[in-house]
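Have a look at the structure below, then the notes.
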Amino acid sequence: MDKTKIIDGKMVSDLIKAKVTTEVNEIKKKNHRVPNLTIIQIGDNKASSTYIKNKKITCEKVGIICNVLTHPETITEAELLNIINQLNHDSTIDAIIVQLPLPRHINSEKIINSITIKKDVDGFTPKILGNLMLGHYQLLPGTPKGIMLLLKHYQIELAGQHVVVIGRSNIVGKPLANLLINASATVTVCHSQTKNLSFFTKQADILIVAVGQPKIITSEIIKENAIIIDVGINRDQDNKLCGDVDFENVLPKVKMITPVPGGVGPMTIAALLENILYLYYQNNNF
Ligand code: NAD
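Every number in our numbering is 1035 more than the matching position in the sequence shown, counting from 1.
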């Protein structure tokens, strides 16, 4: 494999983690309160449990406290709102995550919106997303932020480049498209209703894929020397982790590409760690 083409998210995320670890050690040396992330899990969705476990392990590795509060599927919306309200007012907690998806009887948007902006570490509340659109960056949602950090680390030029983003979710595609526009890229957003997807993908200098379907992108539908960012996390027929891009097939044609695993995934977690520290400093007058 031509390693010079690989955009190594694991390596870049390790650099960020090392920086966060140093900062947390400084906090501890000063005997200040240690930063705290609290995650709420409703029910026992297997994928959610894995994501939460990864976040907890990573936080603890860098010295951040991560508490996980688990509640049964039967919890009511009012009870959950009450729990979030208590966490919003708890001065020992810097950051709150409500792990999605939530059970059907709970309005996810209402729950996310109830997290105070001061502790919205995922950056999914309307004010943070509105600020992002306007180019007033404070805290950014983890995956879009992680991708922007990765592009910056590899000095990938965005101004004037045609970036095609596939996927328009509120947590990846939409915020990312706005960040890219603000970085002076020419941005096209494609989604499930896009007619003739390959017409757009073939024009992309940079192609960012956040769909959730293995091998939706093959070498036939990309531009020669394109840069590919694969956000997807899927399982192939052998239950192996894979992205949305047919990696082996496109590798000879691309300029650079993120692997799955080891690309965007670790950057999302690194961005989360930076966000926890950001909120910690914002909410404390140390
Ligand atoms: P989502 O299901 O909310 O959105 C998927 C998007 O893909 C939608 O906007 C939909 O319109 C579009 N889409 C579906 N089928 C399509 C098709 N045939 N052609 C073009 N567009 C199509 O998903 P999401 O939360 O944005 O996540 C997308 C993928 O990224 C998933 O695999 C998810 O697991 C992964 N993800 C990875 C990270 C990470 O850290 N690496 C973070 C978030 C999400």
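Cβ coordinates follow ideal geometry from the N, Cα and C atoms, glycine included.
Everything numeric in this text was worked out from a predicted model, so none of it was measured.
Could you check whether the Cβ of residue i sits closer than 7 Å to any heavy atom belonging to the ligand NAD?
i	result
C1094	no
L1232	yes
V1047	no
Q1248	yes
G1158	no
G1297	no
C1225	yes
R1203	yes
I1263	no
I1305	Here the sequence assigns Ala to residue 1305, which means Ile is not the residue at that position. Incorrect: A1305 has no Cβ contact closer than 7 Å to the ligand NAD.
A1239	no
I1146	no
V1200	no
T1229	yes
I1268	yes
G1098	no
I1206	yes
I1051	no
T1109	no
T1178	yes
N1251	According to the sequence as given, residue 1251 is Ile; it is not Asn. Flag set: Cβ of I1251 near the ligand NAD.
A1245	yes
G1170	no
G1078	no
G1300	yes
Residue i to residue j, Cα distance in whole Å?
i	j	result
L1214	R1203	13 Å
E1114	L1286	50 Å
P1176	N1231	30 Å
M1291	L1307	25 Å
T1057	E1255	45 Å
P1161	N1148	7 Å
K1145	K1288	45 Å
G1297	N1320	36 Å
L1276	G1300	11 Å
L1314	D1155	8 Å
T1229	V1266	19 Å
V1280	H1226	15 Å
G1181	E1112	31 Å
F1018	N1205	Past the boundaries of the shown model lies residue 1018; the chain is included only from 1036 to 1321, so the question cannot be answered.
Y1086	P1249	19 Å
I1141	K1081	19 Å
K1209	Q1173	17 Å
T1127	V1207	30 Å
N1123	K1258	48 Å
K1065	L1072	20 Å
Which residues mark the beginning and the end of the beta strand (DSSP E) in which residue i is found?
i	result
N1071	N1071 to I1077
T1221	T1221 to C1225
N1104	Reading the sequence as shown, one finds Leu at residue 1104 and not Asn. Looking at the DSSP string, the run of the beta strand (DSSP E) that includes L1104 is I1100 to H1106.
I1262	I1262 to D1265
A1130	A1130 to V1133
Which two residues bound the contiguous alpha helix (DSSP H) that contains residue i?
i	result
N1318	V1299 to N1318
A1082	K1081 to V1097
A1113	E1112 to N1123
L1050	G1044 to K1064
N1148	S1143 to N1148
E1192	Taken as a continuous stretch (DSSP letters only), E1192 belongs to no alpha helix (DSSP H), as it is neither H nor E.
V1285	F1282 to V1285
Practice task
Tell me, please, whether the segment 1122-1140 touches the segment 1064-1083 by the rule of three or more beta-carbon pairs shorter than 8 Å.
Solution key: yes
Problem - the segment 1092-1099 contacting the segment 1040-1059, beta-carbon criterion three pairs below 8 Å - result: yes
Handout entry: Whole alpha helix (DSSP H) elements within the segment 1151-1180, 4-residue minimum
Key = 1161-1169
Exercise for the section: Jot down the residue ranges of each uninterrupted beta strand (DSSP E) in the segment 1202-1258, minimum 3 residues, whole runs only, in chain order. Expected result: 1221-1225 and 1241-1244
Handout entry: Inter-stretch contact at 8 Å, needing at least 3 Cβ pairs: the segment 1215-1227 / the segment 1251-1269
Key = no
Handout entry: the segment 1234-1246 contacting the segment 1184-1197, beta-carbon criterion three pairs below 8 Å
Key = yes
Practice task
Could you say if the segment 1184-1191 and the segment 1039-1048 meet the contact criterion of at least three C-beta pairs nearer than 8 Å?
Solution key: yes
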